[in-house]
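Participant:
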Amino acid sequence: MPENKDVILEQESAESPLEYKSGILAYKGTRYKLKYGLKRIEMIENTLGKSMVSIMQSGSMTITELTVTFAYGLIREDAYNFEPTKKAKEMAEELLEAESGAYLKMSDMVADALEKDCPFFFPKG
Numbered sequence: 758m759p760e761n762k763d764v765i766l767e768q769e770s771a772e773s774p775l776e777y778k779s780g781i782l783a784y785k786g787t788r789y790k791l792k793y794g795l796k797r798i799e800m801i802e803n804t805l806g807k808s809m810v811s812i813m814q815s816g817s818m819t820i821t822e823l824t825v826t827f828a829y830g831l832i833r834e835d836a837y838n839f840e841p842t843k844k845a846k847e848m849a850e851e852l853l854e855a856e857s858g859a860y861l862k863m864s865d866m867v868a869d870a871l872e873k874d875c876p877f878f879f880p881k882g
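The sequence shown begins at 758 in our numbering and counts up by one.
Below is the structure:
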């Protein structure tokens with residue numbers, strides 16, 4: 758696979774082009790994170806035509822589910838502006854192609870952000 762030096766998921770010590778620990782994404786000199794709330798979840802569900810709960814219960818996301826969920830949650834860290842969905846979806850696709858294991862790393866990033874931002878999905882106990 759072609760290497761893209763502009764695409765990395767940053768962590769305290771990034772060893773490969775796509776790393777995930779801190780939840781911060783550096784892309785072409787801009788820092789992003791994933792952020793979800795009720796309105797963003799509604800947009801994802803309307804786009805995909807299925808509930809977020811059914812997606813999470815399936816055990817794994819399809820590529821479409823992952824790229825759409827990632828795209829709708831992508832926010833600039835410094836300005837707190839969500840990225841335009843089309844641009845964010847293209848970015849998600851580029852990240853997926855960055856290296857082997859990218860799907861799992863991006864899935865973990867989405868899952869961590871959903872757990873943090875949407876506790877209503879996760880019962881206590």
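Here a beta-carbon is modelled for each residue, glycine too, at the ideal position from N, C-alpha and C.
Identify which residue in MET809, LEU823, GLU802 and ASP835 has its Cα closest to the Cα of ALA728.
Facilitator: With the chain covering 758 to 882 only, the question about residue 728 has no answer from this structure.
Participant: Report back the beta-carbon spacing between MET863 and LEU871 to the nearest angstrom; my notes put them in contact at under 8 Å.
Facilitator: With 8 Å as the limit, MET863 and LEU871 do not qualify as a contact, their Cβ atoms being about 13 Å apart.
Participant: Between ILE820 and the rest of its own chain, which residues show a CB-CB distance below 8 Å, the 5 nearest in sequence each way excluded?
Facilitator: So the list reads LEU853 and TYR860, once near-sequence residues are dropped.
Participant: Assign LYS881 to one of two classes, buried (16 or more other C-beta atoms within 10 Å of its C-beta) or exposed (fewer than that).
Facilitator: Burial call: exposed.
Participant: What is the DSSP secondary structure of MET809, reduced to helix, strand or coil?
Facilitator: Note: MET809 maps to helix in three-state DSSP.
Participant: If the criterion is Cβ atoms closer than 8 Å, does the pair TYR789 and ARG833 meet it?
Facilitator: Yes, these two residues count as a Cβ contact at 8 Å.
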